[in-house]
Amino acid sequence: MKQRIFISSVQKEFAEERQALKAYLLGDALLSRFFDIFLFEDLPASDRRADAAYLDEVRRCDLYLALLGNEYGAEDVDGLSPTQREFNEATRLGKTRIVFVKGMDDAGRHPKMRALITMAGAQLIRRRFTTDTELIAAVYASLVQYLEDTGVLQFLPFDERLHPEASLDDLDPKTIARFVRQARYERQFPLAESSPITNILTHLNILREGRPTQAALLLFGRDPQRFFPSAEIRCMHFHGTEIQRPAPFYRIFKENLFCPHEEVASGRAAGKTDSESLHQVRRVS
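My numbering puts the sequence shown at residues 1341 to 1625.
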């Protein structure tokens, strides 16, 4: 599902920049896969108060993007402009905010706009721009950073990545305990079965930032298919050493990696006897 960006600014002052940003972001091969853009001027005429409409859109958005310039905008009875109210609402709701200020100094700005820029600067990192090209480059960099920070874009190897929806609660403590018990018996694993799960995962290098890596989900997950629908183990059993078609036994396992391993090793999955062998075990992910 695409994330929604709310672009906030004085419309007349930034009419060109607003349209340029929308056209660029929706036309970019990468960003268009992840974002939709909201501009207030795209709303059709309706029997709604303007302030109710734009504040509702702020609530619906995932990112709030502000363009601040010289003009403050039309003030309501409380002396606040739409841009000010939008910024305040995004702040109140804890939305991710990225703010861009036009111009290298604050000369000529409305006093309330200077105050808004100062307020924003006390809460987050602003970026200044003078041209559309500079603005687009700065917005692009911020959005790519956002995608990296939220785990949507990842440049680590698959096993080392964090899944954006996974937490330690998605791991099966019984499977981890069974692994530790077997590893201590066969490989002199140094940690006890009663050790905290985070200590075990850290020792195995499958914990990052307090969260399980994708490798941990495949190894110990309660339901790996929830995160990786294509992750499965396919087991084929043959009588003797010759490959036969169709295989006498063929089964697809969709549990974590240790569940089918234990079944296959014990022979329960294929009804294995001393004179039979498991010819192929293949992981597909």
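Note that the Cβ used here is the ideal one computed from N, Cα and C, for glycine as well.
Predicted, not measured: the structure shown is a model, and the values here were computed from it.
Asked, Found
"Taking only three categories from DSSP, how would you classify residue 1395?", "helix"
"Figure out for me which residue from 1543, 1504 and 1470 has the closest Cα to the Cα of residue 1357.", "1470"
"Going by CA-CA distance only, name the one from 1394, 1371 and 1450 that's closest to residue 1382.", "1394"
"Alpha carbon to alpha carbon, how far is residue 1567 from residue 1506?", "8 Å"
"How far does the alpha helix (DSSP H) with residue 1479 in it reach, from first residue to last?", "1472-1489"
"Rounded to whole angstroms, what is the Cα-Cα separation between residue 1483 and residue 1384?", "28 Å"
"May I have a chain-ordered list of the alpha helix (DSSP H) segments no shorter than 4 residues that lie completely inside the region 1416-1465?", "1422-1432 and 1451-1463"
"Leaving out five residues on either side along the sequence, give the residues of the same chain with a beta carbon under 7 Å from the beta carbon of residue 1413.", "1350, 1421, 1422 and 1423"
"Ends of the beta strand (DSSP E) at residue 1577?", "1572-1578"
"I'd like to confirm the pairing. Which residues does DSSP put opposite residue 1376 in its beta bridges?", "1344"
"Let me check one thing: in DSSP terms, what residues is residue 1589 bridge-paired to?", "1577"
"On the CB-based measure, 16 or more other CB atoms within 10 Å of its CB, does residue 1430 come out buried or exposed?", "buried"
"Which of the three DSSP states, helix, strand or coil, is assigned to residue 1559?", "helix"
"Roughly how many whole angstroms lie between the Cα atoms of residue 1615 and residue 1553?", "For residue 1615, the pLDDT reaches just 38, beneath the cut-off of 50, and the residue's location in the model is therefore unreliable, although a value from the coordinates is still provided. Cα-Cα distance, rounded: 40 Å."
"Grab the span of the alpha helix (DSSP H) containing residue 1506 for me, first residue to last.", "No alpha helix (DSSP H) contains residue 1506, which DSSP labels as neither H nor E."
"Can you look up residue 1364 in the DSSP assignment and give me helix, strand or coil?", "helix"
"Counting beta carbon pairs with one atom in the region 1494-1502 and one in the region 1537-1557, are three or more of them shorter than 8 Å?", "yes"
"Using DSSP with H/G/I as helix, E/B as strand and the rest coil, what is residue 1525?", "helix"
"Got a sec? Which residues, its chain only, sit under 8 Å from residue 1624 by beta carbon, not counting five neighbours each side?", "The predicted position of residue 1624 is uncertain, since its pLDDT is 41 and thus under 50; no value can be drawn from it."
"Output the distance between the C-alpha atoms of residue 1521 and residue 1343, rounded to the nearest integer angstrom.", "44 Å"
"Measure the Cβ-Cβ separation of residue 1454 and residue 1446 and say whether it is below 7 Å.", "yes"
"Within 8 Å, do at least three Cβ pairs link the region 1534-1552 to the region 1573-1593?", "no"
"Spatial neighbours of residue 1428 within its chain, please: CB distance less than 6 Å, with the 5 preceding and 5 following residues excluded, ordered by chain position.", "none"
"Mapping DSSP to helix, strand and coil, what is residue 1414?", "coil"
"In the structure shown, what three-state DSSP assignment does residue 1530 receive?", "coil"
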